[in-house]
Amino acid sequence: MKIVAIYFILALLVLAMILSVDMLSGMSLFESFHSIRAVLANTSIQEVITMVFFLSLPFINAIAAAVRKGNSRR
(Lines of atoms letter the chains of each structure in order from A and count residues from 1; the text may use other names and numbers.)
(Lines give C-alpha, C1' and ligand atoms only; values in the text may rest on other atoms or scores of the structure.)
Protein backbone atom coordinates (compact mmCIF):
# COMPACT_ATOMS: atom_id res chain seq x y z
CA MET A 1 0.00 0.00 0.00
CA LYS A 2 3.00 2.30 0.28
CA ILE A 3 3.27 2.34 -3.50
CA VAL A 4 -0.35 3.47 -3.85
CA ALA A 5 0.22 6.27 -1.32
CA ILE A 6 3.35 7.41 -3.16
CA TYR A 7 1.42 7.27 -6.44
CA PHE A 8 -1.27 9.60 -5.05
CA ILE A 9 1.32 11.98 -3.59
CA LEU A 10 3.08 12.20 -6.96
CA ALA A 11 -0.24 12.79 -8.73
CA LEU A 12 -1.09 15.64 -6.34
CA LEU A 13 2.36 17.16 -6.80
CA VAL A 14 1.99 17.07 -10.59
CA LEU A 15 -1.46 18.68 -10.36
CA ALA A 16 -0.05 21.38 -8.06
CA MET A 17 2.81 22.01 -10.48
CA ILE A 18 0.41 22.35 -13.44
CA LEU A 19 -1.78 24.74 -11.49
CA SER A 20 1.17 26.82 -10.31
CA VAL A 21 2.63 27.13 -13.82
CA ASP A 22 -0.77 28.22 -15.14
CA MET A 23 -1.12 30.77 -12.37
CA LEU A 24 2.41 32.09 -12.96
CA SER A 25 1.52 32.59 -16.62
CA GLY A 26 -1.36 34.86 -15.62
CA MET A 27 -4.35 32.53 -15.50
CA SER A 28 -6.72 32.51 -12.56
CA LEU A 29 -7.27 29.35 -10.53
CA PHE A 30 -10.68 28.86 -12.15
CA GLU A 31 -9.21 29.19 -15.65
CA SER A 32 -6.49 26.70 -14.79
CA PHE A 33 -9.01 24.11 -13.57
CA HIS A 34 -11.14 24.82 -16.64
CA SER A 35 -8.22 24.17 -19.00
CA ILE A 36 -7.48 20.83 -17.28
CA ARG A 37 -11.16 19.90 -17.50
CA ALA A 38 -11.29 20.88 -21.18
CA VAL A 39 -8.32 18.67 -21.99
CA LEU A 40 -9.88 15.69 -20.21
CA ALA A 41 -13.26 16.29 -21.86
CA ASN A 42 -11.72 16.05 -25.33
CA THR A 43 -9.97 12.71 -24.94
CA SER A 44 -10.72 9.83 -27.27
CA ILE A 45 -11.77 6.37 -26.11
CA GLN A 46 -8.28 4.98 -26.77
CA GLU A 47 -6.74 7.65 -24.56
CA VAL A 48 -9.28 6.95 -21.81
CA ILE A 49 -8.50 3.22 -21.92
CA THR A 50 -4.78 3.97 -21.72
CA MET A 51 -5.25 6.35 -18.78
CA VAL A 52 -7.43 3.87 -16.89
CA PHE A 53 -4.88 1.11 -17.51
CA PHE A 54 -1.98 3.15 -16.16
CA LEU A 55 -4.02 4.48 -13.24
CA SER A 56 -4.94 0.94 -12.22
CA LEU A 57 -1.37 -0.45 -12.32
CA PRO A 58 -0.42 0.52 -8.73
CA PHE A 59 -3.61 -1.07 -7.42
CA ILE A 60 -3.03 -4.25 -9.41
CA ASN A 61 0.53 -4.37 -8.08
CA ALA A 62 -0.65 -3.92 -4.47
CA ILE A 63 -3.35 -6.60 -4.85
CA ALA A 64 -0.90 -9.04 -6.43
CA ALA A 65 1.59 -8.47 -3.61
CA ALA A 66 -1.12 -9.08 -1.01
CA VAL A 67 -2.20 -12.30 -2.75
CA ARG A 68 1.41 -13.52 -2.95
CA LYS A 69 1.95 -12.70 0.70
CA GLY A 70 -1.25 -14.54 1.63
CA ASN A 71 -0.27 -17.61 -0.39
CA SER A 72 3.20 -17.76 1.17
CA ARG A 73 1.69 -17.98 4.69
CA ARG A 74 -0.12 -21.20 3.88
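So in the working numbering, the last one in the sequence shown is 540, and the numbering has no gaps at all.
We treat Cβ as the ideally placed atom computed from N, Cα and C, and that holds for glycine.
When only Cα atoms are considered, Arg534 and Ala477 end up about 27 Å apart.
Going by DSSP, Met493 is part of no alpha helix (DSSP H) at all; its letter is neither H nor E. Between Ala482 and Ala531, the alpha-carbon positions lie close to 30 Å from each other. Straight-line measurement puts the Cα of Leu521 at about 12 Å from the Cα of Ile469. Assigned with DSSP and collapsed to three states, Thr509 falls in coil, not helix or strand. Between Ile484 and Ile502, the beta carbon gap of about 7 Å places them in contact (Cβ cut-off 8 Å).
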